[in-house]
Amino acid sequence: MSAVLAFTAPIHRPVEPDYIDEPCSDAGIVRGSGHTNNVTYVNFLPAATPTTRLRITKRGRRVLTALVALPLVIGALVAALNSGGAVATAEGASQDFTYVTLSSGETLWHLAAEIAPNADPRDVVAEIVSLNNLEGPVQAGQKIALPAGY
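Going by numbering that gives the first Met the number 0, the letters in the sequence shown line up with residues 0 to 149, in that order.
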């Protein structure tokens with residue numbers, strides 16, 4: 000008479016106790032069992048499934064290429080847009096101004112008509128106001144800078 004011992008490896012035991020860990024009697028001939036010294040050992044663990052290779056499709060390659068290339072393209076665009084910054088030159092700083100002191104009763108309109116008789120007085124007044132940062136009415140005795148072109 001031969002004894003049958005069924006077991007599972009302790010590493011692969013499931014959480015629930017659905018395995019047999021003690022000898023069985025008259026188990027008969029079981030495929031995959033080994034016979035040693037009138038004792039039959041039966042492994043109830045499932046056979047290992049063969050590992051499958053990961054295969055990437057053409058669409059997958061395109062997606063991965065796009066994911067890698069997108070940050071590089073964005074970085075290149077940002078660098079290209081930021082590289083053409085404004086450069087300060089000394090040409091604008093070398094403008095010479097003529098200063099005029101306003102007398103009583105004189106307005107910017109009269110001053111614009113005197114210094115640029117051929118130009119539109121509205122444009123000349125706008126330039127004078129912009130150049131001097133004027134926000135309100137001008138006063139008699141106020142020193143006004145005139146653009147060099149007039």
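Heads up, the beta-carbon is just placed ideally off N, CA and C, and yes, glycines get one too.
Quick caveat, the model's predicted, so the values are computed rather than measured.
In this structure, residue 145 lies away from residue 77, with their beta-carbon atoms at least 9 Å apart.
Straight-line spacing of the CA atoms in residue 138 and residue 106 works out to 9 Å. Distance from the CA atom of residue 128 to the CA atom of residue 120, rounded to whole angstroms, is 12 Å.
Using a Cβ distance threshold of 9 Å, residue 96 and residue 130 count as a contacting pair. Taken in chain order, the unbroken stretches of alpha helix (DSSP H) that lie wholly in the region 58 to 125 and span 4 residues or more are 107 to 114. Residue environment: residue 143 is assigned as buried (16 or more neighbouring CB atoms within 10 Å of its CB, all protein chains considered). The three-state secondary structure of residue 145, taken from DSSP, is strand. In terms of Cα proximity to residue 113, the closest of 60, 149 and 63 is 149. Taking C-beta atoms as the reference points, residue 135 and residue 101 fail to come closer than 9 Å.
Here residue 104 has 139 as same chain residues with Cβ atoms under 8 Å from its own Cβ, once five neighbours each way along the sequence are excluded.
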